[in-house]
Every structure is written in C-alpha cells, then in structure tokens.
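*Asks:* Residue numbers (the working numbering): 1405 to 1614.
(1) Using DSSP bridges, identify the partner residues of residue 1460.
(2) When burial is assigned at 16 or more other CB atoms within 10 Å of the CB, is residue 1464 buried or exposed?
(3) Compute the Euclidean distance between the alpha carbons of residue 1604 and residue 1578, then round it to the nearest angstrom.
(4) Note down, in chain order, each residue of its chain lying with its Cβ closer than 8 Å to the Cβ of residue 1455, except the 5 sequence neighbours on either side.
(5) From which residue to which residue does the beta strand (DSSP E) around residue 1482 run?
(6) Could you check whether the stretch 1552-1572 touches the stretch 1592-1604, counting it as contact only if at least three pairs of C-beta atoms, one from each stretch, sit closer than 8 Å?
(7) By how many angstroms is the C-alpha of residue 1474 removed from the C-alpha of residue 1540?
(8) Hey, how far is the Cα of residue 1412 from the Cα of residue 1491?
(9) Taking the alpha helix (DSSP H) that residue 1434 belongs to, which residues open and close that run?
(10) Beta strand (DSSP E) containing residue 1511: first to last residue?
(11) In angstroms with no decimal places, state the Cα-to-Cα distance between residue 1550 and residue 1428.
(12) Assign residue 1618 to buried or exposed, taking buried as 16 or more other Cβ atoms, counted over all protein chains shown, within 10 Å of its Cβ.
(13) According to the neighbour-count rule (16 or more other Cβ atoms, all chains shown, within 10 Å of its Cβ), is residue 1548 buried or exposed?
(14) Measure the alpha-carbon distance for residue 1544 versus residue 1430 and round it to whole angstroms.
(15) From this set, 1607, 1506, 1453 and 1511, which residue's C-alpha is nearest residue 1432's C-alpha?
(16) Rounded to whole angstroms, what's the CA-CA distance from residue 1453 to residue 1443? Just pull it up for me.
(17) Assign residue 1566 to one of three DSSP states: helix, strand, or coil.
(18) Are the beta-carbon atoms of residue 1554 and residue 1576 separated by less than 8 Å?
Here it is in structure tokens:
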C-alpha cells in the first residue's frame, strides 16, 4: 500500500487552517514523511477522481461521519478504510463513541513510520477479510432464497401430482436438465405460474359471486 487518499470534511477543516506546528500533525504531512504518496479529497467529486489511483483511504473525520463516507467510498472502489485519530477528530467523536463503526484500522499523528506501515498492512488484511465475509454472507443468503423457491415448487408438485417430496425434487431436477436451466429457475417458474393460476381462479370466483 503506497498511495493513500486522505478524506477531510468541514468538521476537520479547522485543522488545515491551524498553525504551522499543528499542520505538521495532519495525516497528509505525516504520511508523506513516511514515504507514502498522498492526495486529499473533501467531497464526492474529488473522491471519484482520486480514489481509483489510491490503495487505501484515510478518514480524517469525526466518527459520526465515517459510515456515510465509508459507504460512498466503497461504492466506488473496495479499499481499506483507516480512521485518523487526532486531538481534533477524537474530540469531535465523543458523542459517537458507542457507534458501530466499521473501519479497518486506526492511525494517529504520534505513530512512527514502522507503526504506520504495520497498521496499513493489517488494515489491508482486515479489509480483505471483511469483503470475504460480505461475499460469503451474500452467497449464503442467495442459497437460502433458492432453497425457499425449490421447497415451494416441491410443495406445489406434491399437491398437483400427488407425489412425495423426493419424487417432486427428482422431477424438478429432470426438468432443469431437459431445459438446461438452473434448478432454482425452474422452481421459480413453477411457483409463479401456480400463483398466477390461483390468482385468476380467485378473481373468477369473486366475479361469479357478484
């Protein structure tokens, strides 16, 4: 990780306008002194231009603003998100200290170059593991959804054809093979057609009563 994008906002703008001694503690100065290429952004437009070339994002923000910015950044590109915990951001974050904030690491102005290096290294690892967890969760939810449609289709076939669940599953699988479709796609079609037929029957009954 060699290129970093530092995110500022209005809440931390005062840091950038402070005395020269304080400016030396800003993330861009500290990180450049450690050998990293650093760019700055303060709005969505500048982030879109600069994030593609960045290996990670350093959030010089109050904790309360991290979720919104993190969501925005990760929609553009998956990068490690690290919070810059300075006197200013820590003070601004007091009221949000109990928030469930998802960041991959924390950096401070007092860190030595080797400490920053390892914080970024493990932050990148944390980012990968977080994305892997999200992917596995998405896949699991997808499988649960597919199983729901397949079970519904099996129930319909059992009712219509008076067969067992095992026989209904075999029928679904055979149909999927014949049509060269996924099992869940065949099951979804059966459920949708069945529900449409039932809805039309219900409407005809309602019309007959009137």
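The beta-carbon is built from N, C-alpha and C at its ideal position, and this holds for glycine as well. Note that the structure is predicted; figures quoted are calculated from it, not measured.
*Replies:* According to the data block:
(1) Within the chain shown, the letter at position 56 stands for residue 1460. Answer is 1408.
(2) Locating residue 1464 in the chain shown gives position 60, counting from the first residue. Residue 1464 comes out buried.
(3) Locating residue 1604 in the chain shown gives position 200, where the first residue counts as 1. Locating residue 1578 in the chain shown gives position 174, where the first residue counts as 1. Their backbone Cα atoms lie some 28 Å apart in a straight line.
(4) Within the chain shown, numbered from 1, the residue matching residue 1455 stands at position 51. Excluding residues within five positions, the ones whose Cβ falls inside 8 Å are 1409, 1445, 1461, 1477, 1480, 1481 and 1483.
(5) Numbered from 1 along the chain shown, position 78 holds the residue referred to as residue 1482. Run containing residue 1482: none; DSSP gives neither H nor E here.
(6) yes
(7) As a first step, residue 1540 must be located in the chain shown, where it is residue number 136. As a first step, residue 1474 must be located in the chain shown, where it is residue number 70. Those two C-alpha atoms are separated by around 20 Å.
(8) Mapped onto the chain shown, residue 1412 falls at position 8. Mapped onto the chain shown, residue 1491 falls at position 87. Residue 1412 and residue 1491: Cα-Cα distance of roughly 15 Å.
(9) Indexing the chain shown from 1 puts residue 1434 at position 30. Per DSSP, residue 1434 belongs to the alpha helix (DSSP H) from 1431-1437.
(10) As a first step, residue 1511 is located in the chain shown; it is residue number 107 there, counting from the start. That run of the beta strand (DSSP E) goes 1509-1511.
(11) Here residue 1550 refers to the residue found at position 146 when the chain shown is read from its first residue. Here residue 1428 refers to the residue found at position 24 when the chain shown is read from its first residue. Taking the straight line from one Cα to the other gives about 55 Å.
(12) With the chain running from 1405 to 1614 in the structure shown, residue 1618 is simply not present.
(13) The count along the chain shown starts at 1 and reaches residue 1548 at position 144. Its Cβ having fewer than 16 others within 10 Å, residue 1548 is exposed.
(14) Locating residue 1544 in the chain shown gives position 140, where the first residue counts as 1. Locating residue 1430 in the chain shown gives position 26, where the first residue counts as 1. Each residue's Cα considered, the two are about 42 Å apart.
(15) On the chain shown, position 28 is the one that residue 1432 refers to. When only C-alpha atoms are compared, the closest one is 1511.
(16) Counted from its first residue, the chain shown places residue 1453 at position 49. Counted from its first residue, the chain shown places residue 1443 at position 39. Taking the straight line from one Cα to the other gives about 11 Å.
(17) Taking the chain shown and counting its residues from 1, one reaches residue 1566 at position 162. Here residue 1566 sits in coil by DSSP.
(18) Position 150 of the chain shown, counting from 1, holds the residue named residue 1554. Position 172 of the chain shown, counting from 1, holds the residue named residue 1576. Taking 8 Å as the Cβ cut-off, residue 1554 and residue 1576 qualify as a contacting pair.
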